[in-house]
Amino acid sequence: MPRRGLVLLGGLLLLLAGCTRSQGAVQPPVLPSPSRPAVLSASPTPPRAFLPLVMRFDPPTATPTPTATLTPTLTPSPTATPTPLPVTLNFCAALPQGGLPIPDGDFDGLQSALSVDYAGTLLDVNVRLEIAHTWVGDLRAALSHARQDVLLMERPGAAQNPPSGCPGNDVRVVLDDAAPAAVQDSCSETSPALNGTLRPAEPLASFAGLPADGEYLLTVSDLSRPDEGTLTAWCLALTILR
Ligand SMILES: [Ca+2]
Ligand SMILES: [Ca+2]
487 MPRRGLVLLG GLLLLLAGCT RSQGAVQPPV LPSPSRPAVL SASPTPPRAF LPLVMRFDPP
547 TATPTPTATL TPTLTPSPTA TPTPLPVTLN FCAALPQGGL PIPDGDFDGL QSALSVDYAG
607 TLLDVNVRLE IAHTWVGDLR AALSHARQDV LLMERPGAAQ NPPSGCPGND VRVVLDDAAP
667 AAVQDSCSET SPALNGTLRP AEPLASFAGL PADGEYLLTV SDLSRPDEGT LTAWCLALTI
727 LR
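Numbering (the numbering used here), first residue to last: 487 to 728.
Here it is as structure tokens:
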């Protein structure tokens, strides 16, 4: 066979082969199998989204603070009433220069008043008494306040030297119920014959509970002649509860 015939035969064969390929490429549509009905999905699964991986650093979750329990309102305590404290105050009578002369041999004697304007209740009373006098056994003294009378002394030393009492001179005493020695039993040969803190003839506690304010009246008498003198000072130490 000549070379030209071979070329034509080859071309013919290639043409036939091409037709066969194109027929195989046309595929009929695939139909669902009649024995297997199509399932209608109510919620078709959405396509999964692939989110980019992002590292989140959330702040640590704070522990929730428990709700504070409401503290019940406290009923305020009533203000405590301050306890009153007693005070001790001194009051002295204003006497003329040189004192008050005591009438000799006169039971009525002299009166000296002292006014106290400090309100409160008397808890304790002490009396300072200063008298310049010879033969103090002649003397009698009494204190009155709020219609209460207390005999301070009367013829001191009379028990040791009856009936005239202590022959010594001068009085400089504080009369106090708490004193161990009694003025009635005191008598010194040296002045003052009556000296220091002494217990009065009658208890000054009789004034306890009475109002502190008001007038206090001291009566000093010279019960026999001779010998005389003067009242030079007298004071009260009042312990008062307001
Ligand atoms: Ca006293
Ligand atoms: Ca006298």
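Built from N, CA and C at the ideal position, the CB exists for glycine as well.
For Ala580, the closest alpha carbon among the candidates Arg728, Arg626, Val622, Leu722 is that of Leu722. Secondary-structure assignment with DSSP links Cys721 through a beta bridge to Cys578, Arg614. One thing to note: Thr705 has its Cβ no nearer than 8 Å to the Cβ of Gly585. DSSP lists no beta-bridge partner residue for Pro642.
In the three-state scheme derived from DSSP, where H, G and I count as helix and E and B as strand, Ala665 is classed as coil. Between ligand 1 and Leu615, a heavy atom-to-CB distance of less than 7 Å is absent. The region 566–582 makes no contact with the region 683–690, as fewer than three CB pairs between them are under 8 Å. A direct Cα-to-Cα measurement between Pro689 and Asp699 gives close to 20 Å. Sequence-distant Cβ neighbours of Ala645 in its own chain, meaning closer than 8 Å and more than five residues away, are Gln670, Asp671.
Ala679 is a Cβ neighbour of Asn655, given a cutoff of 8 Å.
Linking Asp713 to Arg728 through their CA atoms gives a straight-line distance of about 44 Å.
For Asp671, the three-state secondary structure derived from DSSP is helix. Thr561 and Leu575 have their C-alpha atoms some 41 Å from each other. In terms of Cα proximity to Tyr604, the closest of Leu696, Trp720, Ser710 is Leu696. Every residue whose Cβ sits closer than 6 Å to any heavy atom of ligand 2 is listed here in chain order: Asp590, Gly591, Asp624, Asp708, Ser710, Arg711, Pro712, Asp713, Glu714.
If you compare the alpha carbons of Arg711, Pro587, Thr725, Trp720 with that of Gly651, the shortest gap goes to Arg711. Per DSSP, Leu709 lies in no beta strand (DSSP E) and is assigned neither H nor E. A straight-line Cα-Cα distance of about 59 Å links His619 and Pro564.
When the beta-carbon positions are compared, Leu703 and Phe577 stay at least 8 Å from each other. The C-alpha of Pro572 is placed about 9 Å away from the C-alpha of Thr607.
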